[in-house]
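Student: Residue numbering for the sequence shown is 17 to 465, as defined by the working numbering.
Just so it is clear, CB atoms sit at the ideal spot from N, CA and C, and this is done for glycine as well.
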Amino acid sequence: MASNNRYDVTSWPVGDPHEDLGEVINSILADIKHRQTATDLNDGGKPGAVIYLPPGDYHLRTQVHIDISYLRIEGSGHGFTSSSIRFNVPENEWSQLHELWPGGSRVLVDLPPNSGADQSVAAAFRVERDGSPRISSVEFSNFCIDGLHFEPDGSDLHPENTYRNGKTGILIASANDSVRITGMGLVYLEHGVTVWHADALSIHDNFIAECGSCIELRGWGQASKITDNLIGAGFRGRSIFAEHHGGLLIAANNVFPRGASSVELAGVTRSSITSNRLHSFYPGMVTLTAASSENLVASNHFLRDNEPWAPFLGIDNGLDDTTGLLRIEGSGNSVIGNHFSEIVDATRISPASATPVIMRVASGSGNYLANNHVVASDVRAGTGDSAYAAQVDALLTAASSRQLPVTTVLVDGASFGNTVLDSGDETQVDLDRATNAFRPTPTLGGLVR
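1) Suppose you measure from the CA of Thr371 to the CA of Asp337; what does that come to, to the nearest Å?
2) Kindly indicate if chain B contains any beta-carbon less than 9 Å away from that of Gly170.
3) To the nearest angstrom, how far is it from the Cα of Ile82 to the Cα of Asn42?
4) Tell me which residues share the same chain as Arg315 and place their Cβ nearer than 6 Å to its Cβ, disregarding the 5 neighbours each side in the sequence.
5) Using the rule of at least 16 other Cβ atoms within 10 Å of the residue's Cβ for burial, across every protein chain shown, is Arg418 buried or exposed?
6) Please tell me whether Leu202 and Cys230 are closer than 9 Å, where the distance is taken between their beta carbons.
7) Quick one: measure Cβ to Cβ for Asn452 and Val427, integer angstroms, because I've assumed they're closer than 8 Å.
8) Closest to Ala214 by CA distance: which of Met375, Ser439, Pro129 and Ala239 is it?
9) With 16 other CB atoms within 10 Å as the buried threshold, where does His114 fall?
10) For Tyr179, which residues does DSSP report across the bridge?
11) Expressed to the nearest angstrom, what Euclidean distance is found between the alpha-carbon atoms of Glu35 and Ala368?
12) In this structure, how does DSSP classify Val30 when only helix, strand and coil are distinguished?
13) In its own chain, which residues sit with a C-beta less than 7 Å from the C-beta of Thr26, not counting the 5 before and 5 after it?
14) Taking a contact to mean a Cβ-Cβ separation below 9 Å, would you say Phe156 touches Arg196 in this structure?
15) Could you compute how far the alpha carbon of His358 sits from the alpha carbon of Gly147?
16) Just grab the DSSP bridge partners of Ser218 for me.
17) Are the CB atoms of Ser100 and Tyr204 within a distance shorter than 9 Å?
18) Under a three-way DSSP split, which group does Asp73 fall into?
19) To which residues does DSSP link Phe432 through a beta bridge?
20) Taking the C-alpha atoms as reference points, what is the distance between Asn20 and Ile44?
21) Just grab the DSSP bridge partners of Glu109 for me.
22) Take the Cβ of Ser111 as the centre, count every other Cβ of all protein chains shown within 10 Å, and call the residue buried at 16 or more, exposed below.
23) Let me check understanding here. Comparing Cα to Cα, which of Phe328, Leu437 and Pro456 lies closest to Met443?
24) Output the residue ranges of the beta strand (DSSP E) runs that lie fully inside the stretch 308 to 346 and measure 3 residues or longer, sorted by chain position.
25) Leu87 by DSSP, collapsed to three states: which one?
26) Are there 16 or more other CB atoms within 10 angstroms of the CB of Ala139, so buried, or fewer, so exposed?
27) Taking 9 Å as the threshold (C-beta atoms), are Leu294 and Val279 in contact?
28) Following the continuous beta strand (DSSP E) through Ile359, name the residue where it begins and the one where it ends.
29) Per DSSP, which residues does His50 bridge with? Please list them.
30) CB-CB under 8 Å to Tyr74, same chain, minus the five flanking residues each way: which ones, in chain order?
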């Protein structure tokens, strides 16, 4: 017996999904609410539904407003491809490219650009419901949300490189439980995914890149996870941001460079950043601010190098090299067993002649930094017009002209009672030994590196 709770947008009688997917999905949601009215019928009542998007292009000119639980919107391919690379290829070469746009089950966000402060106006999918219980088990899976174009911002940047258009892919605007975002592709949106007041949220195995900011967890939340994603924000935004969360797991993500930060936690407690590969062109890669405390940062690979791609040369995130690749403003955090690679051109260090800082404890007490390994090299890396070739060449450059002097750990005077073990030798760690415990990394034959 066929289920009447599975919908195909291409066979729904209201609207044309290729012209306005939002109209079609909103009509389907109205049908679900019309049919599923009983809250308790045979120990059930509202099973929800699945809405399927076959492979194809679907313009979205009307925002989708989801206010029911147990809804899954799914496609048959996340369809991600680099729009940034295409837009920075000379237009007279476009005819030689195999494809120009993202594919798969692709939603084209044709909502008008939003220059105002209300993010909800230009969100393609807005999940929001008042009352009790919280909206639950809404799922987005295996399709592409494409913001299409960025907009001029008054700077000298090419309009397609500004990361500004006011568009959001998925906005969860009210308190929610067990939302799942899996296997998605999001590109060219000012905000990829923004979730407010999350409980048991899962953002897993997505490709979210070339967005102003990729993942933002706002308000407060608990027991959520951001795992196994490929992520890369723009130079003005954050790849992963969370505020006032507890029990957050950030693990096994591959975070691309160019985001102003890789992971930024504000007022986050008892959470974990583990086993991620983090790559950035700027300092301030991972920041724990606003008294973020009792967090574990372990077994991550940090790579800081210089921007090699011509369209973005000269751009930075406004932070200098004394900021630290990892910066802590909080207490009781553990930083254990991480690898840091600082592979930069010494002539481009800011401020000039400064010693770059790898780990900085700016405030707080009782932090524990142990068994972290730092490799620092002064490399004259090349640049190029091809994003892929320039980046791969930079990544594979291991030879250096000389070793780069760095401060592996800096503990500011405002911070005390910290423990630093085997995370830099006597010359590389800067702290007050009267108020902090320190054991240096041994050096070969007693010689300082």
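Tutor: In short, the structure shows the following:
1) 7 Å
2) No chain B is part of this structure, which consists of one protein chain only.
3) 8 Å
4) The sequence given here has Ser at residue 315, not Arg. For Ser315, where only same-chain residues beyond five positions count, the Cβ hits under 6 Å are Thr290, Ser291 and Gly353.
5) exposed
6) yes
7) 6 Å
8) Ala239
9) exposed
10) According to DSSP, Tyr179 bridges with nothing at all.
11) 54 Å
12) coil
13) Pro33 and Pro70
14) yes
15) Per the sequence shown, the amino acid found at residue 358 is Glu instead of His. For Glu358 and Gly147, the distance between alpha carbons rounds to 50 Å.
16) Arg196 and Lys241
17) yes
18) strand
19) Ser381
20) 11 Å
21) Its beta-bridge partners do not exist; DSSP assigns none.
22) exposed
23) Inspection of the sequence shows that residue 443 is occupied by Thr rather than by Met. Out of Phe328, Leu437 and Pro456, Pro456 has the C-alpha closest to the C-alpha of Thr443.
24) 312 to 314, 317 to 321 and 342 to 345
25) strand
26) buried
27) yes
28) His355 to Val360
29) Its beta-bridge partners do not exist; DSSP assigns none.
30) Val25, Pro33, His34, Leu37, Ser121, Arg122, Val123 and Leu124
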